[in-house]
Amino acid sequence: MNSPTYGGQAVIEGVMIRGVRAVGIAVRRPSGEIVSRVQPLRGVYTSPLRRIPGLRGMIVLWESLGLGMKALIWSAAVAANEVDHNGDATPVGFAGWAMLIGTLLLASVAFFAGPVLATAWLDSVLPAAWMAVMVEGVLRLAVLLGYIWAVGRSDDVRRLFQYHGAEHMTIAAFEAGHDLHVPGIRRYRKEHPRCGTSFLLTVALVAVLVFAFIGTEPLWWRFASRIVLMPLIAAVAYEVIRFAGFHHTRPVVRWIFSANLALQRLTTRPPDDEHIQVALAALECVRAEEKALVAAAR
1225 MNSPTYGGQA
1235 VIEGVMIRGV
1245 RAVGIAVRRP
1255 SGEIVSRVQP
1265 LRGVYTSPLR
1275 RIPGLRGMIV
1285 LWESLGLGMK
1295 ALIWSAAVAA
1305 NEVDHNGDAT
1315 PVGFAGWAML
1325 IGTLLLASVA
1335 FFAGPVLATA
1345 WLDSVLPAAW
1355 MAVMVEGVLR
1365 LAVLLGYIWA
1375 VGRSDDVRRL
1385 FQYHGAEHMT
1395 IAAFEAGHDL
1405 HVPGIRRYRK
1415 EHPRCGTSFL
1425 LTVALVAVLV
1435 FAFIGTEPLW
1445 WRFASRIVLM
1455 PLIAAVAYEV
1465 IRFAGFHHTR
1475 PVVRWIFSAN
1485 LALQRLTTRP
1495 PDDEHIQVAL
1505 AALECVRAEE
1515 KALVAAAR
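Each number in the working numbering comes from the position in the sequence shown (counting from 1) with 1224 added on.
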């Protein structure tokens, strides 16, 4: 089987696809027109450090945040008709960036700090430190699942989840060597083993295993260890997901990672043809750009 090449994410009314050398975004305007944007990747995005096990997971996490935020901002501008005929968006001001960063900080507090505080209040009734770590892990999973379920009830988020499913199906069709057209893409599942949702669940599970060896006293140490060790946990989780992506056809691997695929039922919805068309446009613009970059480098 060929090595996986493409990944991506859903954005507002569209899809971002990331390749080895380029990243592309396709978004549907309110008029129905599909607008695409592609740019080559440079710097840390193509650094040889990305091939080093352990380190590459932290790099991918960082770049996912950077590329993902830029893609969301651009897609929001397209959806609001704030993009000109050249595909250039109205610059995002301080307030826009502050809102995005604030949202990320709040999510981090809820996902990491909240369970730590809640578990600290239960220390007096928990007979062993390992039980506190387990309770913390369960609470962290509950926060993750509860948040996904709550936001998924919104009509706008449901459309986002449809684009998420379309992204998975399109990449799966490409990786299988299938002709890239809407009817053919529809043959594939909307869940994908390398999904970022799977990454979050794997992070939560790996965190339980790592923190079990750290201890729970004092409280400041709990907070500090969660912050300091998070890059390491993300790196381990990335390697686990990468392994699953390469070996997802093996029955044992599929069984072990069935929970990850089950979670994606919350973050994906069956896409309509219009969603698949946008995902396909994003993939095609990235492939064309990468072919041009390879030809220019010869």
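Each residue gets a CB set at the ideal place from its N, CA and C atoms; glycine is no exception.
- Counting only residues of its own chain and dropping the five nearest sequence neighbours on each side, asparagine 1484 has a CB closer than 6 Å to the CB of Ser1422, Leu1425.
- Cβ-Cβ distances below 6 Å link isoleucine 1395 to Tyr1230 in the same chain, with the five nearest sequence neighbours on each side left out; the list follows chain order.
- The beta carbons of alanine 1246 and valine 1510 sit about 5 Å from each other, so the pair counts as a contact at 8 Å.
- Residue burial annotation: phenylalanine 1481 is buried, with at least 16 other C-beta atoms found within 10 angstroms of its C-beta.
- Residue range 1246 to 1252 is occupied by the beta strand (DSSP E) that includes isoleucine 1249.
- Nearest neighbour of alanine 1234 by Cα position, chosen from Leu1507, Ala1366, Gly1326, Leu1265, turns out to be Leu1507.
- Taking one beta carbon from each stretch, the segment 1380 to 1397 and the segment 1454 to 1463 have fewer than 3 pairs nearer than 8 Å; the two do not touch.
- Taking a C-beta distance under 9 Å as the contact criterion, glutamate 1237 and arginine 1383 qualify as a contact pair.
- In its chain, beyond the 5 residues on either side, Val1434 have a beta carbon closer than 7 Å to the beta carbon of leucine 1453.
- If you ignore the 5 residues before and after histidine 1472, its C-beta comes within less than 8 Å of the C-beta of Pro1417, Arg1478, Phe1481, all in its own chain and listed in chain order.
- Checking the DSSP bridge columns, you'll see glycine 1232 partnered with Ile1241.
- Of Val1284, Val1406, Glu1399, the smallest CA-CA separation from glycine 1469 is found for Glu1399.
- Between the alpha carbons of glycine 1361 and alanine 1337 lies a gap of roughly 12 Å.
- Per the DSSP secondary-structure output, glutamine 1263 pairs in a beta bridge with Val1247.
- In the DSSP assignment, no residue is bridged to isoleucine 1283.
- If the five residues before and after leucine 1350 are omitted, its C-beta is found closer than 6 Å to the C-beta atoms of Ala1356, all from its own chain and listed in chain order.
- Valine 1359 and alanine 1448 have their C-alpha atoms some 18 Å from each other.
- Nearest to leucine 1279 by alpha-carbon distance, out of His1499, Ile1457, Ala1374, Thr1327, is Ile1457.
- Tryptophan 1373 and alanine 1519 have their C-alpha atoms spaced approximately 45 Å apart.
- Per DSSP, reduced to three states, the secondary structure at isoleucine 1438 is coil, with no helix or strand assignment.
- Following the DSSP letters along the chain, one finds alanine 1400 in no alpha helix (DSSP H), marked with neither H nor E.
- In the assembly as shown, isoleucine 1325 is an exposed residue. Its beta-carbon has fewer than 16 other beta-carbons within 10 Å.
- Taken atom to atom, the span from the alpha-carbon of alanine 1344 to that of glycine 1370 is near 21 Å.
- Distances from the CA of arginine 1253 to each of Ala1300, Gly1281, Tyr1412, Trp1354 were compared; the closest alpha carbon is that of Ala1300.
- DSSP places cysteine 1509 in the uninterrupted alpha helix (DSSP H) bounded by 1497 to 1521.
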